[in-house]
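**Student:** Numbers in our numbering are just positions in the sequence shown, counted from 1, shifted up by 1.
For each residue, glycine too, the CB sits at the ideal point set by N, CA and C.
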Amino acid sequence: MQLANLCTIVVVPRERFGLTYYCLDRVYASTTQALRIVVVEGCAPPHVRAWLARESKARGFIWISREKFLTPNQARNIGLQAVTTPYAVFLDSDAIVEPGCLEALLQCAQETGAAVVGPLYLEGKPEDRVIHMAAGNAHLDELNGQRHLTVEHRYEFMKLADIPEPLERCECEVMEFHCMLIRRDLLLRMRGFDERICGMFEEPDFCMFARGMGEHVFFEPRAVVTYPRGLAFELTDRPYCLWRWSAQHVTESREHFEHKWHLAANDAQMQRYVAWTDAVRDQATRMFEYIEARQQ
């Protein structure tokens, strides 16, 4: 299994730039194999751009830079243009990959024929072993002639040591873009990611669309990635973070998603999503105010 011949890792910003260094260091440390990596960045702080310019030459990864902020789906589509391998792994630039993750994702795809494979997602500090999601559900239900969205994360917030059964590879309905392996031919058939989903709902939108095209989504627990929720933000991350989670982006995404999937007005799941993003934006605002006060 030659990773560089089969798979391209596309690294994109999720809500910050400050962990890009650590994210890429952990990707390289996760395997002894040669890797093909594309890093997409839009209007990152100067110190991050300087590091990317230096390291892209030293390590040989492709660095694509834009002079404006990019939503995650915009960045993924830009990175996709540089993918020529059969598979791509889309990785958020703050995700922490554990050893063997990339090989396990690719092996699952090859053995199952799955077009989409996701790992076990942890959150917080990797050593805490707190589950963010171990496979999930995302589907539409009919109730009284109206369509409603259901999204569920298995074992969310549980300690890995406390789950009632060993985690096993299985088919599921949704994985997340913290780290997701996708077969390239599916993305070409889909014409890339929907850029009108610009603030939220990317994962259920993509995975439901893929399944609607007859493809399969799999969970591979031997692959592990940590999403460092709330950790290690820099003050220079504030402009992008608040832009990315802006009320305008969330509203535009919600309206497009509801229209695209013919959802009922005031769908309960959608309201929970919007409330969550409102909380994220408020928490981020307070966090950056705290960081700024401490630096004065």
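Taking 7 Å as the limit between beta carbons, can you name the residues of its chain near L106, skipping five residues before and five after?
**Tutor:** Locating residue 106 in the sequence shown gives position 105, counting from the first residue. Once the five neighbours on either side are set aside, the close Cβ partners of L106 are V90, V118, P120, L182, E221 and A224.
**Student:** Could you round the C-beta distance between P205 and I97 to whole angstroms and report it? I think they count as a contact, below 8 Å.
**Tutor:** Residue numbering aside, residue 205 sits at position 204 when the sequence shown is read from its first letter. Residue numbering aside, residue 97 sits at position 96 when the sequence shown is read from its first letter. Contact between P205 and I97 does not hold, since the beta-carbon distance rounds to 24 Å and is not under 8 Å.
**Student:** If you follow the alpha helix (DSSP H) that Q111 is part of, which residue opens it and which one closes it?
**Tutor:** As a first step, residue 111 must be located in the sequence shown, where it is residue number 110. Note, Q111: alpha helix (DSSP H), C102 to T113.
**Student:** Would you grab the beta carbon distance between R197 and H250 for me? Rounded to a whole angstrom, and I think it's under 8 Å.
**Tutor:** The residue given as residue 197 occupies position 196 in the sequence shown. The residue given as residue 250 occupies position 249 in the sequence shown. Actually they are not in contact, since the Cβ atoms of R197 and H250 sit about 10 Å apart, beyond 8 Å.
**Student:** Under the rule that 16 or more other beta-carbon atoms within 10 Å means buried, what is F158, buried or exposed?
**Tutor:** Here residue 158 corresponds to residue number 157 of the sequence shown, with the count starting at 1. The residue in question, F158, is exposed, as its Cβ has fewer than 16 Cβ neighbours within 10 Å.
**Student:** Please look up how many angstroms separate the CB atoms of V131 and G80, rounded, as I've assumed it's under 8 Å.
**Tutor:** Reading the sequence shown from its first residue, position 130 is the one you call residue 131. Reading the sequence shown from its first residue, position 79 is the one you call residue 80. At roughly 29 Å, the Cβ-Cβ gap does not stay under 8 Å, so V131 and G80 are not in contact.
**Student:** Can you tell me which of S31, L103, Q108 and D268 puts its alpha carbon nearest to the alpha carbon of E143?
**Tutor:** Here the question's residue 143 lines up with position 142 in the sequence shown. Among S31, L103, Q108 and D268, the Cα nearest to that of E143 is on D268.
**Student:** Let me confirm a value: A1 is counted as buried when at least 16 other C-beta atoms fall within 10 Å, else exposed. Which label applies?
**Tutor:** Missing from the structure shown is residue 1; the chain here goes from 2 to 297 and no further.
**Student:** Please determine, among L150, R60, R17 and D26, the residue with the shortest C-alpha to C-alpha distance to G43.
**Tutor:** On the sequence shown, position 42 is the one that residue 43 refers to. Taking only the C-alpha atoms, the option nearest G43 is R17.
**Student:** From which residue to which residue does the alpha helix (DSSP H) around P47 run?
**Tutor:** Locating residue 47 in the sequence shown gives position 46, where the first residue counts as 1. Taken as a continuous stretch (DSSP letters only), the alpha helix (DSSP H) holding P47 covers P47 to R60.
**Student:** Run the CB neighbour count on A248, radius 10 Å, all protein chains shown included, and call it buried at 16 or more, exposed below.
**Tutor:** Here the question's residue 248 lines up with position 247 in the sequence shown. Exposed.
**Student:** Under a three-way DSSP split, which group does S254 fall into?
**Tutor:** Taking the sequence shown and counting its residues from 1, one reaches residue 254 at position 253. DSSP places S254 in helix when its eight states are reduced to three.
**Student:** Exposed or buried, what is L25 when buried is set at 16 or more other beta-carbons lying within 10 Å of its beta-carbon?
**Tutor:** By 1-based counting over the sequence shown, the position of residue 25 is 24. Answer is buried; the Cβ neighbour count reaches 16.
**Student:** Which one of H179, R273, T86 and N78 has the shortest CA to CA distance from C102?
**Tutor:** Here residue 102 refers to the residue found at position 101 when the sequence shown is read from its first residue. Checked all of H179, R273, T86 and N78; the closest Cα to C102 is H179.
**Student:** What is the DSSP secondary structure of F210, reduced to helix, strand or coil?
**Tutor:** As a working note, residue 210 is residue 209 in the sequence shown. F210: helix per DSSP, three-state reduction.
**Student:** Let me confirm a value: E290 is counted as buried when at least 16 other C-beta atoms fall within 10 Å, else exposed. Which label applies?
**Tutor:** Translated into positions along the sequence shown, residue 290 becomes position 289. By the neighbour-count rule (16 or more Cβ atoms within 10 Å), E290 is not buried but exposed.
**Student:** Taking the straight line between their C-alpha atoms, what separation do you get for Y156 and A139?
**Tutor:** Walking along the sequence shown from the start, residue 156 turns up at place 155. Walking along the sequence shown from the start, residue 139 turns up at place 138. Answer to the nearest angstrom: the Cα atoms are 15 Å apart.
**Student:** Is the segment 161-178 close to the segment 61-70, with three or more CB pairs under 8 Å?
**Tutor:** no
**Student:** Kindly indicate which three-state DSSP category G80 falls into: helix, strand or coil?
**Tutor:** As a first step, residue 80 must be located in the sequence shown, where it is residue number 79. Helix at G80.
**Student:** Would R273 be called buried (16 or more neighbouring beta carbons within 10 Å of its own) or exposed?
**Tutor:** Within the sequence shown, residue 273 is the residue found at index 272, counting from 1. Exposed: under 16 other Cβ atoms inside 10 Å.
**Student:** Considering just the uninterrupted stretch of the beta strand (DSSP E) at I292, what are its terminal residues?
**Tutor:** Locating residue 292 in the sequence shown gives position 291, where the first residue counts as 1. Where I292 is concerned, there is no enclosing beta strand (DSSP E), although the alpha helix (DSSP H) it sits in stretches over A269 to Q296.
**Student:** To the nearest angstrom, report how far apart L150 and R55 are at their CA atoms.
**Tutor:** Position 149 of the sequence shown, counting from 1, holds the residue named residue 150. Position 54 of the sequence shown, counting from 1, holds the residue named residue 55. Cα to Cα, L150 sits roughly 45 Å from R55.
**Student:** With respect to the beta strand (DSSP E) encompassing Y122, which residues constitute its N-terminal and C-terminal limits?
**Tutor:** As a first step, residue 122 is located in the sequence shown; it is residue number 121 there, counting from the start. It spans V117 to E124 - the beta strand (DSSP E) in which Y122 sits, taken as one unbroken run.
**Student:** Let me check one thing: in DSSP terms, what residues is I38 bridge-paired to?
**Tutor:** As a first step, residue 38 must be located in the sequence shown, where it is residue number 37. DSSP, once it has assigned bridges, lists I10 as partnering I38.
**Student:** Have a look at C173, P73 and E166 and flag the residue whose alpha-carbon is nearest the alpha-carbon of V152.
**Tutor:** In the sequence shown, counting from the first residue as 1, residue 152 sits at position 151. Answer by Cα proximity: C173.
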